[in-house]
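K.L.:
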Amino acid sequence: MALTSAAVLASTLSVNTFAQTETSQNQTNTQQTNQSKQQQSATAPATANTFSGNYSLKFDPNANYTLQAIQVRGKVIIVRAYENVVYVAHPQDPTYESMNIYIPQAYFYGQTINGYTVDTAPIFMPNAIGGYMPAKAMELGGMKVNTTDPSEVNFPPPAKDKERAKGDNRQAPAKDGQQPPAPPKAQDGQQPPAPPKDGQQPPAAQGDKPMAQGQRGHMPPPPRGERDNDRSAAMKEALAKGMIVVSPGARGRTLQAQDGSYYGKAPAAIVDLKAAVRYLHANDKAMPGDANKIIANGTSAGAALSVLLGATGNQSAYEPYLKQLGAAQASDAIYAVSAYAPITNLDHADAAYEWLFNGVNNYKAISVNMLDYNVQRSYTTGTLSKEQQEVSAQLKALFPEYVNSLNLKDANGANLTLDSKGNGNFKQYVANKLKESAQHAYDADPQRFHAADYPWLTLKGGKVTQVDLDKYAQWVERQKTPPAFDALDLSAGENNLFGNATTNNQHFTEYAYKHSSVNATMADPEIVKMMNPMYYIDSSNKPGVAEYWRIRQGAKDKDTSLAIPSILALKLENNGYDVNFQFAWNQPHSGDYDLPQLFAWIENITKPTELQTAPTKDKPEARRPRAPEPRPTASTNPTQNAPQSND
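According to mature numbering (1 follows the signal peptide of the UniProt record, and there is no 0), the stretch in the sequence shown is residues -19 to -1, 1 to 628, in order.
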C-alpha cells in the first residue's frame, strides 16, 4: 500500500488512559426501558429488519479526509483523518456502523516511522464499547490543519502539572514493572528508547492504598479515561509509534427502531466489529498499513468483544448477519488482542462469581447508566438475604464441574481442577497469579508496599510467600448480588444484551431461567454461544484465532470473578497461542493504565526481522508528491457524513 499529498511531521506521544465501566446487575427493568427510549439514534431504522443504503466499501486514500495535528511529548504529528467511514454497504444505523481512520501523513511521503513503513505499519483498533451499549467511533480530537500550509501548527506549551495529573510519573525510576522516565528527545520518525519490560504498573499512590480488612474505603475512582478527560491517549500513542489507528463504532443493546423494536441486541456488536475488520482486509492494497497485523483493544465489554473478535475469525455462524449488512467479502480474522478487564464467558460468569465471593455477604453495588461515555454511577450497600445466600451457594456448586470439563493445564502440564467444595489446584493457580502481582508491586517499590494493608497475603524476607483467596474475597468486597449477570428478575445489563427484536430482556443461563422470579423467555442458545469466545478457542481453528493475546485484570476488579480471565488465558495457552496475562496490582475495573508496556508488547509482536524485509505490495495509488490538496468541504459521499459523538 502507499499514496500521496500534503506535508509531514512525525514522532511519538505521551501516556494517558481511557477506560469504560461495566453496567452492573442493579439496573431495573424500568431503567433499561428508559435507556432504550433514550437510545433512539437520529438514523435509527424504521424496523429491526430494515437494512438501507448502498454505501461504497472502496477506500480512497486521496478523498474525504482532513488533516489533523497532535502533539506528543513536544513533537507535532500530522495525521490524515478519514472520519465517519461506513464499513458496511447496508447499515442499520450508520451513526454507529462507521469508523474513524487515522494515518500518519509521513507514510504518504514514503517515510519510515519507528521502523515501520507504509506496508508494515500495524493497525491499532480500539473501541469505545462499555456495558454492551451502543458506541460511536472514537475521535482523535487533533488540531485542524490548513491543507494549503500544514506547517502552520502552533500548540501551547504543555502544562507540567496537567501532565503529572495524567499519570505521566516521569520522575519514577525505570524499575521492572514501573513506568519509565521520559525518553530523550528523538528525531522525527525515529524510535525512542524502549519502555521497561512488560509488567505491572506502578503501585498506587498513598491516597489510593486499600483499607485494612473490615474498613470501607471511599468510592472507587472513575476509570482513568474519564478522570483524565482524554480517551484518545492510546490512539495518539499508537500514531506516534507509527501505527495506523482505526476506531470502529458498533450497535448496542439499547438501540430501538422507529417502531419500537430492538436492533442492537446480541450478536449485533460483534457482527459490526467483524464487518469493520473485513473492510480493512478488503482495502489492504489501497490503504497504508498491514491488515494482517490488526490489534484489537478494549476495556470491560469492549475487551470482551475484542476477545470474541480475536477468537472467532472467519467463523460461519456470523456469516448470515454479515451478509445481511452487506459486509465486505474478506477475512474478519485479526492478529492480536489487548483486553483490559473483559466481561466475558457470560453463561458461566454467575457461577464463577459465586465461586470467588460465596460467603461474602455484604456488598457495595454499583448502578450505572451509560450512553457511550456519559456515565452516571450510584452505589448501594447492603447484605445478602437468606434467599440470595442460597442462590450463591447453588451457583458456586456449579462451577467445579465447568472448570473440570475444560481440561485446563498449567505450564508444567498438570491438570487444573476443583473439588466439589471449590478447592483445588485451579484455585491455587488464581492465588498464584495474585501472588505474582503482589511480588511485582513489592519489587517495584518496597518502601511503598505495606503488607499490613493486605491481610490476605504473607510477606517474608521480601518475598510474597502465600495468598489466601478466601481472605482476599472478604477484603476486596462483593460488588454484585447473585446471580451477578443473569438476574432472576431480568434486571441485569446482560439480560438486556440477550433480548431480541421484540423482547427487551431475556435469560441466557439454565439456572436463572429455571429460578426466574418473573415471566421470562430464554435467549437463543446459538446466540449465547456466539457471544462466548470459549466455544471457539481450539487448535483446529488456529487460522481464525488471533496469535497474540495480552490480558489484564485489575487485582481490585470485582466486576467479574478473577477466574474468568484466568480460564480464558489458560484455554488460549493450552491451545498453543502466545498469551501475556497478569493481574494488575491495585487496579480497579479500568483499562489503558499501562500504555508504555502495552505498546512495547505491540512493537515486540509486530517487528520481527521478516517484517522489515517483507516484499513491497503493489502501490496503485503511489504518485509523486504533489501540491497540497484543498481540504474537502461538504462531502457527496454519505460514508463521510455520519454524525459525530459529542460525548
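Built from N, CA and C at the ideal position, the CB exists for glycine as well. All values reported here derive from a predicted model rather than from experimental measurement.
(1) So which of Gly307, Lys377 and Lys408 has the shortest CA-CA distance to Val252?
(2) Nearest CA to the CA of Ser472: which residue from Ser348, Ala298, Glu300 and Gly91?
(3) Suppose you measure from the CA of Lys444 to the CA of Lys539; what does that come to, to the nearest Å?
(4) Can you tell me whether Asp331 is helix, strand or coil according to DSSP?
(5) On the CB-based measure, 16 or more other CB atoms within 10 Å of its CB, does Gly363 come out buried or exposed?
(6) List in chain order: all unbroken beta strand (DSSP E) runs of 3+ residues lying wholly within the stretch 383 to 465.
(7) Grab the span of the beta strand (DSSP E) containing Ala277 for me, first residue to last.
(8) Do Asn95 and Gly270 have their C-beta atoms within less than 8 angstroms of each other?
(9) Please list, in chain order, all residues of the same chain as Asn406 whose beta carbon is under 7 angstroms from its beta carbon, the five residues on each side excluded.
(10) Three-state secondary structure (DSSP) at Ala250?
(11) For Lys255, write down the residues that DSSP places opposite it in a beta bridge.
(12) Label Asp240 either buried or exposed according to how many other C-beta atoms from any shown protein chain fall within 10 Å of its C-beta, with 16 as the threshold for buried.
(13) Let me know the secondary structure DSSP gives Asp209 once reduced to three states.
(14) From this set, Asn45, Asp328 and Pro248, which residue's C-alpha is nearest Leu290's C-alpha?
(15) Which residues does DSSP list as the beta-bridge partners of Asn477?
(16) Spell out whether any CB of chain B is found under 8 angstroms from the CB atom of Glu64.
(17) Run the CB neighbour count on Pro107, radius 10 Å, all protein chains shown included, and call it buried at 16 or more, exposed below.
(18) Taking Leu236 as the reference, give the member of Gly245, Lys117, Asp74 and Ser359 with the closest Cα.
(19) Which residues in the same chain have their Cβ closer than 6 angstroms to the Cβ of Thr594, if we skip the five residues on either side of it in sequence?
(20) Give me the Cα-Cα distance between Leu286 and Met124, rounded to the nearest whole angstrom.
(21) Applying the 10 Å Cβ sphere with the 16-neighbour rule, what's the burial state of Gln49?
(22) Which term fits Val499, buried or exposed, when burial requires 16 or more other beta carbons within 10 angstroms of its beta carbon?
(23) Quick one: what does DSSP say His488 is sitting in, helix, strand or coil?
(24) Quick one: using the 10 Å Cβ neighbour count with 16 as the cut-off for buried, is Pro524 buried or exposed?
(25) In whole angstroms, what is the alpha-carbon distance linking residue 639 and Thr483?
(26) Take Thr439 and list the residues in its own chain whose beta-carbon comes closer than 6 angstroms to its own, dropping the five residues that flank it on each side.
(27) Quick check: Ala412 and Leu450, are their CB atoms within less than 8 angstroms of each other?
(28) Mapping the DSSP letters down to three states, classify Thr587 as helix, strand or coil.
(29) Quick check: what's the CA-CA separation for Lys441 versus Ala536?
(30) If the criterion is Cβ atoms closer than 8 angstroms, does the pair Leu415 and Tyr383 meet it?
(31) Consult DSSP for Met224 and reduce its assignment to one of helix, strand or coil.
(32) Give me, in chain order, the residues of the same chain whose beta-carbon lies closer than 6 angstroms to that of Ile532; leave out the 5 immediate sequence neighbours on both sides.
(33) Assuming Arg259 and Ser312 make a contact with CB atoms under 8 angstroms, what is their CB distance in whole Å?
P.N.:
Short version:
(1) As a working note, residue 252 is residue 271 in the sequence shown. Comparing Cα-Cα distances from Val252 to each of Gly307, Lys377 and Lys408, the minimum goes to Gly307.
(2) Numbered from its first residue, the sequence shown carries residue 472 at position 491. The residue with the shortest Cα to Cα distance from Ser472 is Ser348.
(3) Numbered from its first residue, the sequence shown carries residue 444 at position 463. Numbered from its first residue, the sequence shown carries residue 539 at position 558. Taking the straight line from one Cα to the other gives about 26 angstroms.
(4) Locating residue 331 in the sequence shown gives position 350, counting from the first residue. Three-state DSSP puts Asp331 in a helix.
(5) By one-based count along the sequence shown, residue 363 stands at place 382. Classification for Gly363: exposed.
(6) 438 to 441 and 444 to 448
(7) For this step, residue 277 is matched to residue 296 along the sequence shown. Here the beta strand (DSSP E) through Ala277 covers Ile275 to Thr280.
(8) As a first step, residue 95 is located in the sequence shown; it is residue number 114 there, counting from the start. As a first step, residue 270 is located in the sequence shown; it is residue number 289 there, counting from the start. No, the pair does not count as a contact, with Cβ atoms beyond the cut-off.
(9) Numbered from 1 along the sequence shown, position 425 holds the residue referred to as residue 406. Only Ala395, Leu397 and Thr398 meet the Cβ criterion.
(10) Numbered from 1 along the sequence shown, position 269 holds the residue referred to as residue 250. Here Ala250 sits in helix by DSSP.
(11) In the sequence shown, the residue the question calls residue 255 occupies position 274. Answer is none; Lys255 lacks a bridge partner.
(12) Mapped onto the sequence shown, residue 240 falls at position 259. It is exposed - the Cβ of Asp240 has fewer than 16 other Cβ atoms within 10 Å.
(13) Looking up residue 209 in the sequence shown gives position 228. Here Asp209 scores only 39 on pLDDT, less than 50, and its place in the model should not be relied on; the value that follows carries that caveat. Residue state, collapsed to three classes: coil.
(14) Position 309 of the sequence shown, counting from 1, holds the residue named residue 290. Nearest of Asn45, Asp328 and Pro248 to Leu290, Cα basis: Pro248.
(15) The residue labelled residue 477 in the question sits at position 496 within the sequence shown. Answer is none; Asn477 lacks a bridge partner.
(16) Among the chains of the structure shown, chain B does not appear; only one protein chain is present.
(17) Within the sequence shown, residue 107 is the residue found at index 126, counting from 1. Buried, because 16 or more other Cβ atoms sit within 10 Å of the Cβ of Pro107.
(18) Looking up residue 236 in the sequence shown gives position 255. Checking every option, the nearest Cα to that of Leu236 belongs to Gly245.
(19) Here residue 594 refers to the residue found at position 613 of the sequence shown. Low confidence applies to Thr594: its pLDDT is 40, below 50, so where it sits in the model is not reliable, and the reading given next is rough at best. Nothing meets the Cβ criterion.
(20) Position 305 of the sequence shown, counting from 1, holds the residue named residue 286. Position 143 of the sequence shown, counting from 1, holds the residue named residue 124. Going from the Cα of Leu286 to the Cα of Met124 covers about 31 angstroms.
(21) As a first step, residue 49 must be located in the sequence shown, where it is residue number 68. Burial call: buried.
(22) Against the sequence shown, residue 499 aligns to sequence position 518. Exposed, since its Cβ has fewer than 16 Cβ neighbours within 10 Å.
(23) Mapped onto the sequence shown, residue 488 falls at position 507. Strand at His488.
(24) Numbered from 1 along the sequence shown, position 543 holds the residue referred to as residue 524. Exposed, since its Cβ has fewer than 16 Cβ neighbours within 10 Å.
(25) The chain is shown only over -19 to 628; residue 639 falls outside these bounds and no answer can be derived.
(26) Here residue 439 refers to the residue found at position 458 when the sequence shown is read from its first residue. Thr446 and Gln447, listed in sequence order.
(27) Start at 1 with the first residue of the sequence shown, and residue 412 comes out as number 431. Start at 1 with the first residue of the sequence shown, and residue 450 comes out as number 469. Yes, these two residues count as a Cβ contact at 8 angstroms.
(28) Counting from one through the sequence shown, the residue named residue 587 turns up at place 606. Helix.
(29) Here the question's residue 441 lines up with position 460 in the sequence shown. Here the question's residue 536 lines up with position 555 in the sequence shown. Spanning the two alpha carbons is a distance of roughly 21 angstroms.
(30) The residue you call residue 415 lines up with position 434 of the sequence shown. The residue you call residue 383 lines up with position 402 of the sequence shown. Taking 8 angstroms as the Cβ cut-off, Leu415 and Tyr383 do not qualify as a contacting pair.
(31) In the sequence shown, counting from the first residue as 1, residue 224 sits at position 243. Three-state result, Met224: coil.
(32) For the purposes of this step, residue 532 is identified with residue 551 of the sequence shown, where counting begins at 1. Counting only Cβ-Cβ distances below 6 angstroms, and skipping sequence neighbours, we find Ala320, Pro546, Ala550 and Phe562.
(33) Counting from one through the sequence shown, the residue named residue 259 turns up at place 278. Counting from one through the sequence shown, the residue named residue 312 turns up at place 331. Arg259 to Ser312, Cβ: 7 angstroms. Contact.
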